[in-house]
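*Asks:*
In the numbering used here, the protein residues as written are 1 to 200.
1. Are the beta-carbon atoms belonging to residue 91 and residue 99 less than 8 Å from one another?
2. In three-state terms, what does DSSP make of residue 1?
3. Determine the burial state of residue 157: buried for a count of at least 16 other Cβ atoms within 10 Å of its Cβ, exposed for fewer.
4. Can you tell me whether residue 44 is helix, strand or coil according to DSSP?
5. Between the alpha carbons of residue 150 and residue 24, how many angstroms are there, rounded?
6. Based on Cα-Cα distance, which residue from 180, 188 and 190 lies nearest to residue 197?
7. What's the C-alpha gap between residue 44 and residue 32?
8. What are the boundary residues of the alpha helix (DSSP H) that includes residue 185?
9. Does the distance from the CB of residue 53 to the CB of residue 28 come in under 8 Å?
10. Would the segment 79-91 and the segment 135-155 be scored as touching if the rule is three or more Cβ pairs under 8 Å?
11. Measure from the alpha carbon of residue 108 to the alpha carbon of each residue in 194, 173 and 135, then state which is nearest.
12. Contact criterion: CB-CB distance below 8 Å. Does residue 9 meet it with respect to chain D?
13. Can you find the residues in the same chain that come closer than 7 Å, C-beta to C-beta, to residue 4, ignoring five residues on each side of it along the sequence?
14. Using the C-alpha atoms, what's the distance from residue 48 back to residue 71?
15. Between the Cα of residue 183 and those of 13, 7, 41 and 168, spot the shortest distance and give me the residue it belongs to.
16. For residue 173, does the three-state DSSP call read helix, strand or coil?
17. Tell me whether residue 38 is buried or exposed, calling it buried when 16 or more other Cβ atoms sit within 10 Å of its Cβ.
18. With DSSP as the reference, label residue 146 as helix, strand or coil.
19. Pull up the distance between the alpha-carbon of residue 199 and that of residue 20, whole angstroms please.
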């Protein structure tokens, strides 16, 4: 990824969500994007031209727009109607974003659209985050890499986030994945952990 004077940026057209520009590049703020926070930790997978990405929980397309600046195609899945409107505007301006109004818990609804992907990225605030991940892992190439942004408070607000993270890692390993990195996203995003995995 590109840094200018130590600042993470992406090389696309600006004005997507009021982001700051730096020497013609879009500043990618880690306080606005959990993926940018992971990049700052040094544990994020590289985003490379030619990559195909399945992005679950695209919301209004803030992070999707930055990912699209780097890769070939982003299949962006979002379930809520209001953020979907913003995502459609991102897709209008970035032709390599394929917006999908769909439910990540039911990937059969978009299986006919999505091809095999190099990167599976999940940022979904639901209790069964591992189950959702496992269902969508069918799209991941054998050589692919995946990032699960674990929102511990969405799993169980009463429990210790560290305990939930350990259970999630164990479930991913039991499901046939090799966990490469587990990274807390403090101070950018509280009670969030990024889990980077590959197929075993």
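The beta carbon of each residue, even a glycine, is placed where N, CA and C say it ideally should be.
*Replies:* So, from the listed chains and residues:
1. In the chain shown, the residue the question calls residue 91 occupies position 91. In the chain shown, the residue the question calls residue 99 occupies position 99. Contact flag set, yes.
2. As a working mapping, residue 1 is identified with position 1 in the chain shown. If DSSP states are grouped into helix, strand and coil, residue 1 belongs with coil.
3. On the chain shown, residue 157 is found 157 positions in, with the first residue counted as 1. When all chains shown are included, residue 157 counts as exposed.
4. Translated into positions along the chain shown, residue 44 becomes position 44. Reduced to three states, the DSSP call for residue 44 is coil.
5. To locate residue 150, count along the chain shown from 1; it is residue 150. To locate residue 24, count along the chain shown from 1; it is residue 24. Each residue's alpha carbon lies about 33 Å from the other.
6. For the purposes of this step, residue 197 is taken as residue 197 along the chain shown, with counting starting at 1. Of the candidates 180, 188 and 190, the one whose C-alpha sits nearest the C-alpha of residue 197 is 180.
7. Sequence index remark: in the chain shown, residue 44 carries index 44 (1-based). Sequence index remark: in the chain shown, residue 32 carries index 32 (1-based). Their backbone Cα atoms lie some 16 Å apart in a straight line.
8. Residue numbering aside, residue 185 sits at position 185 when the chain shown is read from its first letter. No alpha helix (DSSP H) contains residue 185, which DSSP labels as neither H nor E.
9. Within the chain shown, numbered from 1, the residue matching residue 53 stands at position 53. Within the chain shown, numbered from 1, the residue matching residue 28 stands at position 28. Not closer than 8 Å, so no.
10. no
11. Here residue 108 corresponds to residue number 108 of the chain shown, with the count starting at 1. With distances taken between Cα atoms, residue 108 lies closest to 135.
12. Going by chain labels, chain D is absent from the structure shown, which holds only one protein chain.
13. What you label residue 4 is simply residue 4 of the chain shown in a count that begins at 1. The answer, listed in chain order, is 22, 23 and 25.
14. Residue numbering aside, residue 71 sits at position 71 when the chain shown is read from its first letter. Residue numbering aside, residue 48 sits at position 48 when the chain shown is read from its first letter. Between residue 71 and residue 48, the C-alpha separation is close to 5 Å.
15. Here residue 183 is taken as the residue at index 183 of the chain shown, counted from 1. Comparing Cα positions, the closest option is 41.
16. If you number the chain shown from 1, residue 173 lands on position 173. Correct three-state label for residue 173: helix.
17. Along the chain shown, one-based indexing puts residue 38 at 38. Per the 10 Å Cβ criterion, buried.
18. The residue given as residue 146 occupies position 146 in the chain shown. Three-state DSSP puts residue 146 in a strand.
19. Within the chain shown, numbered from 1, the residue matching residue 199 stands at position 199. Within the chain shown, numbered from 1, the residue matching residue 20 stands at position 20. Distance between the alpha carbons of residue 199 and residue 20 is about 37 Å.
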